[in-house]
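Encoded as structure tokens, the structure appears first; notes follow it.
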Amino acid sequence: MKTFLLQFFTWWNSQTLGTRFHTWRHGKKVGQDEAGNVYYEGGVDSEGRTRRWVIYRDYAEASMIPPGWHGWMHHRVDIAPPSDNYKPRDWQKPHQPNLTGSAAAYRPKGSVLTNQHRPQVTGDYDAWTPGS
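Here the sequence shown stands for residues 1 to 132, numbered as in the UniProt record's numbering.
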């Protein structure tokens with residue numbers, strides 16, 4: 001019952017009722033990533049390509065889509081990662097949540113949200129003036 005009410009009254013929790021209905025009618029499950037997000041395709045978009053979408057496991061945050069699935073979602077590759085034996089590169093980092101607006105957000109020295117003072121200016125900067 002809680003899941004139904006969340007889907008009925010919020011858009012940021014997993015999927016809405018409209019998305020659930022569209023997925024039921026037109027969606028073909030393509031795969032699932034390690035975070036539990038499920039990927040679908042079906043129908044045609046305005047450019048004539050197959051429509052692709054994701055149903056997030058919990059909170060809908062676009063940055064939670066792994067790089068391999070991101071390429072498939074944006075039609076950069078035609079083969080989805082489970083079919084392609086996709087291996088992430090060494091330099092690809094795991095997902096980190098966006099902490100903006102939370103107590104754990106980055107606040108540099110001199111920010112109005114910290115009690116630290118801004119570092120003194122060293123005087124090694126000369127402002128540009130026209131004609132100089």
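Note that the Cβ used here is the ideal one computed from N, Cα and C, for glycine as well.
If you're wondering where the values come from, they're calculated on a predicted model, not measured in any experiment.
>> For isoleucine 65, count the other beta carbons within 10 Å of its own beta carbon; 16 or more makes it buried, fewer makes it exposed. Which is it?
In response: Classification of isoleucine 65: buried, given that the 10 Å Cβ count is 16 or more.
>> As an exercise, report each continuous alpha helix (DSSP H) stretch of at least 4 residues that is fully enclosed by the segment 70-110, in chain order.
In response: Listed in chain order, the complete alpha helix (DSSP H) runs (minimum 4 residues) inside the segment 70-110 are 81-84.
> Do serine 46 and asparagine 98 come within 8 Å of each other at the CB atom, strictly closer than that value?
Replying inline: Contact flag unset, no.
> Are the segment 64-82 and the segment 28-39 in contact at 8 Å, needing three or more beta carbon pairs?
Replying inline: With the rule of 3 Cβ pairs closer than 8 Å, the segment 64-82 counts as touching the segment 28-39.
>> Mapping the DSSP letters down to three states, classify threonine 50 as helix, strand or coil.
In response: Here threonine 50 sits in strand by DSSP.
> Which residues in the same chain have their Cβ closer than 6 Å to the Cβ of proline 82, if we skip the five residues on either side of it in sequence?
Replying inline: Correct list, in chain order: Gly31.
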